[in-house]
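Just so you know, the sequence shown maps onto residues 1 to 552 in full-length UniProt numbering.
All C-beta atoms, glycine included, are put in the ideal place defined by N, C-alpha and C.
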Amino acid sequence: MAAARSVGMEAEVAALRGRFAAGGTRGAEWRAAQLRGILRMAAEAEAEVCRALHADLAKPYTESYEAPKKTLRTLTLLVNWEIWNERNRRIFQHKELSTVNWEIWNERNRRIFQHKELSTRSLLTKIKEEAKTWSRIALVKSSCKFALKNLKKWMKPQKVTAPLMTFPSTARVAAEPLGVVLIISAWNYPFLLSIDPIIGAIAAGNAVVLKPSEVAPATSSLLAELLPRYVDGSCIKVVEGGVAETTTLLEQKWDKIFYTGNGKVGRIVMASAAKHLTPVVLELGGKCPVVVDSNVNLHVTAKRIAAGKWGCNNGQACISPDFIITTKSFAPKLLEALEKVLEKFYGRDPLRSSDLSRIVNSNHFNRLKNLMDDENVSNKIVFGGQRDEHQLKIAPTIFMDVPLDSEIMKEEIFGPLLPIITVDKIHESFALINSMTKPLAAYLFTKDSKLQEQYEVAISAGGMLVNDTAVHLTNQYLPFGGVGESGMGAYHGRFSFEAFSHKKAVLVRRFAGEAAARYPPYSPAKLKILRGVLKGNLGAMIQAILGFPRGK
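Quick look at the structure:
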């Protein structure tokens with residue numbers, strides 16, 4: 001079985017190499033056509049993608065799905081209600097009628113809108129659900145449009161300076177495709193983390209094999225069905241399966257491997273790649289710290305931390321805040337603000353909230369449960385802690401001052417648990433963060449520009465964000481990737497194109513300008529000129545270009 005699978009995979013890769021060698025993926029027209037196909041797929045298959053994401057992770061979605069148009073229409077209806085409401089208020093103010101009469105009139109109008117299913121609450125609910133549903137698809141569309149807009153510019157060779165030593169000549173850097181690349185995606189954002197790297201690989205002119213995560217089976221199956229409908233199936237393929245299929249894929253020779261996931265599997269990928277000297281991009285994770293100064297806007301800070309932690313797939317995201325560091329005196333205020341925000345976001349019973357994603361499977365649920373039940377931290381829970389194994393849901397849970405040697409502080413949490421570590425002075429956070437492995441993202445909330453500068457210099461991380469969390473990945477002009485154990489390589493925007501390209505140096509000389517000093521037989525006069533050239537001596541360079549010493 002394994003041997004047959006290996007032979008079949010070798011044949012698939014060989015066919016892809018044949019298509020690449022024939023130039024099938026190199027042309028700008030082919031690249032643009034595939035990107036437009038992905039853009040169409042993201043637009044036309046929104047409902048299918050939404051259903052798959054809900055099946056895999058219980059992410060919110062609406063049954064009737066045309067996100068942008070629906071959302072705009074809903075917003076319009078809400079605005080119309082507010083205009084109606086304000087108009088009636090002005091009428092009553094003008095006539096100086098009593099507050100009671102105004103309330104009666106207002107209630108009558110509200111009933112009219114409720115009868116037509118246009119109440120303010122229902123409208124806001126629709127907006128909220130629709131926005132959450134299409135946000136990941138919107139990121140794919142944004143990446144695709146950005147690549148299409150800049151494709152010709154990225155493909156164009158970049159002229160660089162040609163030194164006088166090689167005069168007359170021209171020099172340029174040409175971006176050439178690597179060949180046949182393998183993309184292994186993750187389960188936590190199974191659509192986005194599959195398609196986003198593919199966009200870069202296609203833009204760079206490569207043939208691609210995508211291996212979606214088997215932990216998100218609905219999305220994996222959908223991608224295997226959808227992609228061949230919208231892109232060139234002879235150059236872009238999807239391989240489904242589990243560990244056995246991934247192992248077989250890693251046995252093949254690739255021109256680059258792009259892996260998103262955890263460090264344990266990342267090491268396996270890197271070891272397999274080393275056998276063929278295959279370069280890799282590893283998008284891993286780590287314990288992303290959040291340092292909170294005491295001079296911040298407390299309510300905004302709490303909202304942005306909560307959105308980055310629990311709003312990002314209930315903590316199941318590589319850039320999710322992993323722990324907070326703040327001062328002992330400020331910690332109670334921050335905790336109180338987080339409690340208020342979380343109750344507003346998810347209600348008093350968050351396990352019943354449709355806005356909170358479930359844990360992906362029972363294995364991850366039990367892993368998180370074990371972290372919570374650890375005798376060293378179970379008594380440190382200061383908020384939340386509810387869980388429902390049947391639904392695979394865990395409520396937002398906050399710990400205060402867990403031991404630094406506890407399991408929850410040793411590994412990436414990747415879930416809805418958030419420890420708060422307190423220090424006497426905020427600058428003590430630097431040493432604590434630097435005692436750990438380098439994170440994928442580091443966050444800081446402060447109004448102190450000097451502290452911000454010190455944090456930026458002192459902390460090494462894949463990316464850094466001040467006064468917010470997670471949103472830096474939406475900027476197509478910024479690279480997204482890790483450093484150290486949080487990964488290697490980067491992508492997004494032009495960085496995606498470069499991740500799947502080789503920068504080839506090209507120097508073109510003319511037949512004039514022969515330098516006799518470079519050729520044997522060598523003499524003291526030639527050696528003098530050569531030494532001058534290497535030192536950058538202009539006179540020696542001119543002598544060399546003019547062919548001195550002549551006749552020697």
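Open item on the list: Please classify Pro190 as buried or exposed, where buried requires at least 16 other C-beta atoms within 10 Å of its C-beta.
Closed with: Walking along the sequence shown from the start, residue 190 turns up at place 190. Buried: at least 16 other Cβ atoms inside 10 Å.
TODO: Using only alpha-carbon positions, find the residue among Asp468, Phe383 and Arg229 that is nearest to Pro321.
DONE: Walking along the sequence shown from the start, residue 321 turns up at place 321. When each option's Cα is compared against that of Pro321, the closest is Asp468.
- [ ] Check whether the region 19 to 37 touches the region 230 to 249, taking contact to mean three or more Cβ pairs, one atom from each stretch, closer than 8 Å.
- [x] yes
Open item on the list: Using a Cβ-Cβ cutoff of less than 7 Å, which residues in the same chain neighbour Glu44 once the five nearest sequence positions on both sides are dropped?
Closed with: On the sequence shown, position 44 is the one that residue 44 refers to. The answer is none, since no qualifying residue turns up.
Task: Own chain partners of Ile545 with C-beta closer than 8 Å, once the 5 adjacent residues on each side are dropped - done: Start at 1 with the first residue of the sequence shown, and residue 545 comes out as number 545. Closer than 8 Å at Cβ, skipping near neighbours: Leu164, Phe167, Gly513 and Ala515.
Task: 8 Å CB neighbourhood of Val423 in its chain, flanking five on each side removed - done: As a first step, residue 423 must be located in the sequence shown, where it is residue number 423. The answer, listed in chain order, is Ile325, Thr326, Thr327, Lys328, Ser429 and Leu432.
Open item on the list: Suppose you measure from the CA of Thr509 to the CA of Pro521; what does that come to, to the nearest Å?
Closed with: As a first step, residue 509 is located in the sequence shown; it is residue number 509 there, counting from the start. As a first step, residue 521 is located in the sequence shown; it is residue number 521 there, counting from the start. A small fix is needed here, since residue 509 is Arg in this sequence, not Thr. Spanning the two alpha carbons is a distance of roughly 23 Å.
- [ ] Taking 8 Å as the threshold, find out whether the region 299 to 312 comes into contact with the region 450 to 461 through three or more Cβ pairs.
- [x] no
- [ ] Can you have a look at Gln386 and say buried or exposed, based on whether 16 or more other CB atoms are within 10 angstroms of its CB?
- [x] Within the sequence shown, the letter at position 386 stands for residue 386. By the 10 Å Cβ count, Gln386 comes out exposed.
Open item on the list: Gln316 and Val360 - do their beta-carbons sit closer together than 9 Å?
Closed with: Reading the sequence shown from its first residue, position 360 is the one you call residue 360. Reading the sequence shown from its first residue, position 316 is the one you call residue 316. Cβ distance < 9 Å, so Val360 and Gln316 count as in contact.
TODO: Measure the C-alpha to C-alpha separation of Leu148 and Val402 and round it to an integer number of angstroms.
DONE: Along the sequence shown, read from residue 1 onward, the residue named residue 148 stands at position 148. Along the sequence shown, read from residue 1 onward, the residue named residue 402 stands at position 402. Spanning the two alpha carbons is a distance of roughly 48 Å.
- [ ] Buried or exposed for His492, please, with buried defined as at least 16 other CB atoms from any protein chain shown within 10 angstroms of its CB.
- [x] What you label residue 492 is simply residue 492 of the sequence shown in a count that begins at 1. By the neighbour-count rule (16 or more Cβ atoms within 10 Å), His492 is buried.
TODO: Since I believe Cys318 is in contact with Leu16 (beta carbons under 8 Å), could you give me their beta-carbon distance rounded to a whole number of angstroms?
DONE: Against the sequence shown, residue 16 aligns to sequence position 16. Against the sequence shown, residue 318 aligns to sequence position 318. That pair is no contact at about 29 Å.
Task: Close beta carbons around Arg31, own chain, < 7 Å, minus the five adjacent residues each side - done: One-based indexing of the sequence shown puts residue 31 at position 31. Contacts found: Leu151, Ile202, Ala203 and Gly205.
TODO: Put Ser142 into one of helix, strand or coil per three-state DSSP.
DONE: By 1-based counting over the sequence shown, the position of residue 142 is 142. Helix, per DSSP.
Task: Rounded C-alpha distance that separates Val209 from Thr260 - done: Locating residue 209 in the sequence shown gives position 209, counting from the first residue. Locating residue 260 in the sequence shown gives position 260, counting from the first residue. In a straight line, the C-alpha of Val209 is about 14 Å away from that of Thr260.
- [ ] Return the chain-ordered ranges of every alpha helix (DSSP H) run that is complete within the region 334 to 414 and spans a minimum of 4 residues.
- [x] 362 to 373
Open item on the list: Assuming the contact rule is C-beta atoms closer than 8 Å, Ser486 and Glu251 should be a hit. Round their C-beta distance to whole Å, please.
Closed with: Here residue 486 refers to the residue found at position 486 when the sequence shown is read from its first residue. Here residue 251 refers to the residue found at position 251 when the sequence shown is read from its first residue. Not really, about 27 Å apart at Cβ, beyond 8 Å.
Task: Unbroken alpha helix (DSSP H) run spanning Tyr230, endpoints - done: On the sequence shown, position 230 is the one that residue 230 refers to. Unbroken alpha helix (DSSP H) run through Tyr230: Pro217 to Tyr230.
- [ ] Could you check what DSSP says for His472 in three-state terms: helix, strand or coil?
- [x] Here residue 472 is taken as the residue at index 472 of the sequence shown, counted from 1. In this structure, His472 counts as helix in the three-state DSSP scheme.
Open item on the list: Which residue marks the beginning of the alpha helix (DSSP H) containing Pro197, and which one marks its end?
Closed with: On the sequence shown, residue 197 is found 197 positions in, with the first residue counted as 1. Unbroken alpha helix (DSSP H) run through Pro197: Leu192 to Ala203.
- [ ] Measure the C-alpha to C-alpha separation of Leu334 and Glu389 and round it to an integer number of angstroms.
- [x] Counting from one through the sequence shown, the residue named residue 334 turns up at place 334. Counting from one through the sequence shown, the residue named residue 389 turns up at place 389. So the two alpha carbons sit approximately 29 Å from each other.
Open item on the list: Using a 10 Å radius around the Cβ and a threshold of 16 neighbouring Cβ atoms, would you call Leu298 buried or exposed?
Closed with: Your numbering for residue 298 matches position 298 in the sequence shown. Buried, by the Cβ-count rule.
Open item on the list: I'd like to know whether the C-beta atoms of Ser501 and Pro177 end up nearer to each other than 9 Å.
Closed with: Reading the sequence shown from its first residue, position 501 is the one you call residue 501. Reading the sequence shown from its first residue, position 177 is the one you call residue 177. It is a contact, given that the beta carbons lie within the stated cut-off.
Open item on the list: Please classify Val79 as buried or exposed, where buried requires at least 16 other C-beta atoms within 10 Å of its C-beta.
Closed with: Taking the sequence shown and counting its residues from 1, the one referred to as residue 79 is at position 79. At Val79 the pLDDT is 42, less than 50, meaning the model places this residue with poor confidence; the figure from the coordinates comes in the next sentence. Counting Cβ neighbours within 10 Å, Val79 comes out exposed, since fewer than 16 surround it.
TODO: Ignore the nearest five residues each way along the sequence and tell me which others in Lys503's own chain have a CB closer than 7 Å to its CB.
DONE: Here the question's residue 503 lines up with position 503 in the sequence shown. Counting only Cβ-Cβ distances below 7 Å, and skipping sequence neighbours, we find Val173 and Ala175.
Open item on the list: Just list the residues that DSSP pairs Met488 with in beta bridges.
Closed with: The residue you call residue 488 lines up with position 488 of the sequence shown. Paired residues: Leu282.
Task: Backbone CA spacing between Ala273 and Asp255 [nearest angstrom] - done: Reading the sequence shown from its first residue, position 273 is the one you call residue 273. Reading the sequence shown from its first residue, position 255 is the one you call residue 255. If you take the alpha carbons of Ala273 and Asp255, they lie about 9 Å apart.
TODO: Leaving out five residues on either side along the sequence, give the residues of the same chain with a beta carbon under 6 Å from the beta carbon of Gly532.
DONE: Here residue 532 corresponds to residue number 532 of the sequence shown, with the count starting at 1. The answer, listed in chain order, is Ala540.
TODO: Could you have a look at Pro11 and say whether DSSP puts it in helix, strand or coil?
DONE: Within the sequence shown, residue 11 is the residue found at index 11, counting from 1. The identity of residue 11 in the sequence shown is Ala, whereas the question assumes Pro. Residue state, collapsed to three classes: helix.
TODO: Go to Gly263, then tell me how far its alpha helix (DSSP H) extends in each direction, as first and last residue.
DONE: By 1-based counting over the sequence shown, the position of residue 263 is 263. Here the alpha helix (DSSP H) through Gly263 covers Gly263 to Ala274.
Open item on the list: Which residue marks the beginning of the beta strand (DSSP E) containing Gln158, and which one marks its end?
Closed with: By 1-based counting over the sequence shown, the position of residue 158 is 158. First-last of the beta strand (DSSP E) with Gln158: Gln158 to Val160.
- [ ] Helix, strand or coil for Ile236, going by three-state DSSP, please let me know.
- [x] On the sequence shown, position 236 is the one that residue 236 refers to. Strand.
- [ ] Tell me whether Ala186 sits in a helix, a strand or coil according to DSSP, three-state version.
- [x] Looking up residue 186 in the sequence shown gives position 186. Here Ala186 sits in coil by DSSP.
Task: Continuous beta strand (DSSP E) stretch holding Phe258: start and end - done: Counting from 1 along the sequence shown, the entry for residue 258 is found at position 258. It spans Lys256 to Thr260 - the beta strand (DSSP E) in which Phe258 sits, taken as one unbroken run.
Open item on the list: For Gly27, report the span of its beta strand (DSSP E) as first-last.
Closed with: Within the sequence shown, the letter at position 27 stands for residue 27. From DSSP, Gly27 is part of no beta strand (DSSP E); its letter is neither H nor E.
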